[in-house]
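Peer 1: Counting in the working numbering, the sequence shown runs from 426 upward without gaps.
Each residue gets a CB set at the ideal place from its N, CA and C atoms; glycine is no exception.
First, the structure itself, so that you have it in front of you.
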Amino acid sequence: MGQLGVLQAKVDAVGNGADTVRGQLPPAELRRVLVDRLAQRYYEQAKAAMQGAGGGMPGGGGMPGGGGMPGGCMPGGGGGGSPLSALSSPATSLASAFRPSSPRDGSGGDQQEAAGLPALRGGSEAGRRMAEKALSARGTPYVWGGGNANGPTGGGFDCSGLVQWATAQTSGHVLPRVTYDLFNLGTRINPADAQPGDLVYSEFSGRGPEHVQIALGGGQVVHAPQSGDVVRVAAMPRNVVVKRIFSS
426 MGQLGVLQAK
436 VDAVGNGADT
446 VRGQLPPAEL
456 RRVLVDRLAQ
466 RYYEQAKAAM
476 QGAGGGMPGG
486 GGMPGGGGMP
496 GGCMPGGGGG
506 GSPLSALSSP
516 ATSLASAFRP
526 SSPRDGSGGD
536 QQEAAGLPAL
546 RGGSEAGRRM
556 AEKALSARGT
566 PYVWGGGNAN
576 GPTGGGFDCS
586 GLVQWATAQT
596 SGHVLPRVTY
606 DLFNLGTRIN
616 PADAQPGDLV
626 YSEFSGRGPE
636 HVQIALGGGQ
646 VVHAPQSGDV
656 VRVAAMPRNV
666 VVKRIFSS
């Protein structure tokens with residue numbers, strides 16, 4: 426059983442209104458709801474245990490069906506410290522245990538390479554900064570319609586939401602939120618000349634491009650791909666249109 430299945434089984438055992446999360450939610454949103462509910466349940470148990478036993482964390486039987494909560498899931502590792510301080514924001518604390526790790530913001534090509542990320546060289550400074558910002562969101566879940574100039578919404582980003590956020594946070598410019606509208610901006614260039622911060626459009630329909638990605642240079646992009654996936658680096662696909670929105 427996968428991680429999502431384990432979470433579902435635990436919530437079924439705990440109860441607490443699990444039926445409300447069994448509908449047609451996307452996998453990423455379902456994961457967030459399940460984790461939030463588990464976190465709240467665990468927080469309540471920890472609080473009750475402290476009040477009733479003078480401080481002690483529930484042991485092996487603390488989580489129904491789960492055999493207790495492993496210490497590594499708590500901020501700061503190990504079992505030390507107050508369980509209430511570790512769970513002062515229970516949903517956030519537990520959710521962090523299941524969220525894919527994201528790298529720290531890079532400050533140059535050498536640091537990017539040291540972290541196992543593409544080196545962002547060439548292009549404009551504004552383009553590199555925008556691409557670096559987008560890279561800092563690696564691991565954030567894809568959420569259809571998610572994201573705006575201020576950050577993820579609904580627990581994540583979609584492709585154009587990631588572009589709008591990364592650009593607004595680094596240049597102060599708020600680009601159109603919809604991919605079709607984004608496509609009207611910039612100067613078309615040869616895909617072989619793509620540089621960090623250029624916008625890469627693919628999956629064309631009668632209305633225009635259905636997907637937008639951020640070029641990193643070297644034939645790579647960072648993007649929010651689809652439901653069930655996360656923001657990640659990928660190879661630039663074929664049959665794309667590349668547009669430059671930042672002047673050199």
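Residues in its own chain within less than 6 angstroms of ALA551 by CB, not counting five upstream and five downstream?
Peer 2: For the purposes of this step, residue 551 is identified with residue 126 of the sequence shown, where counting begins at 1. So the list reads SER596 and PHE671, once near-sequence residues are dropped.
Peer 1: With distances taken between CB atoms, is the gap from ALA556 to ILE639 smaller than 7 angstroms?
Peer 2: Here the question's residue 556 lines up with position 131 in the sequence shown. Here the question's residue 639 lines up with position 214 in the sequence shown. Yes, the Cβ-Cβ distance between ALA556 and ILE639 is below 7 angstroms.
Peer 1: Where do the N-terminal and C-terminal ends of the beta strand (DSSP E) with SER672 fall, by residue?
Peer 2: Your numbering for residue 672 matches position 247 in the sequence shown. That residue, SER672, is in no beta strand (DSSP E); it is neither H nor E in DSSP.
Peer 1: With distances taken from CA atoms, which of TRP569, LEU587, SER585 and VAL588 is nearest GLY579?
Peer 2: As a first step, residue 579 must be located in the sequence shown, where it is residue number 154. Measuring from the Cα of GLY579, the nearest candidate turns out to be TRP569.
Peer 1: Which residue wins for smallest C-alpha separation from PRO566, given the options LEU600, SER585, ALA660 and ALA649?
Peer 2: Your numbering for residue 566 matches position 141 in the sequence shown. Ranking LEU600, SER585, ALA660 and ALA649 by Cα distance to PRO566 puts ALA649 first.
Peer 1: Helix, strand or coil: how does DSSP classify SER596 here?
Peer 2: Start at 1 with the first residue of the sequence shown, and residue 596 comes out as number 171. The answer is helix: DSSP assigns SER596 an H, G or I state.
Peer 1: Select from ASN573, PRO577 and PRO616 the residue whose C-alpha is nearest the C-alpha of LEU600.
Peer 2: One-based indexing of the sequence shown puts residue 600 at position 175. Per the Cα distances, ASN573.
Peer 1: Which runs of the alpha helix (DSSP H), 4 residues or longer, sit entirely within the stretch 603-634?
Peer 2: Runs of the alpha helix (DSSP H) inside the stretch 603-634: 604-607.
Peer 1: Please classify ASP606: is it buried, with 16 or more other beta-carbons within 10 angstroms of its beta-carbon, or exposed?
Peer 2: Locating residue 606 in the sequence shown gives position 181, where the first residue counts as 1. Exposed is the call here.
Peer 1: Excluding five sequence neighbours on each side, which residues of the same chain lie with their C-beta closer than 6 angstroms to the C-beta of PRO634?
Peer 2: Numbered from 1 along the sequence shown, position 209 holds the residue referred to as residue 634. For PRO634, where only same-chain residues beyond five positions count, the Cβ hits under 6 angstroms are THR604, PHE608 and TYR626.
Peer 1: Can you list, in chain order, the residues of its chain whose CB lies under 7 angstroms from that of GLN594, leaving out five sequence neighbours each side?
Peer 2: Indexing the sequence shown from 1 puts residue 594 at position 169. Excluding sequence neighbours, GLN594 sits near LYS558.
Peer 1: Whose C-beta lies closer than 6 angstroms to the C-beta of LYS668 among residues of the same chain, with five residues either side of it excluded?
Peer 2: Working through the sequence shown from its first residue, we reach residue 668 at position 243. Closer than 6 angstroms at the Cβ level, and outside the excluded window around LYS668, lie GLY611, ARG613 and LEU624.
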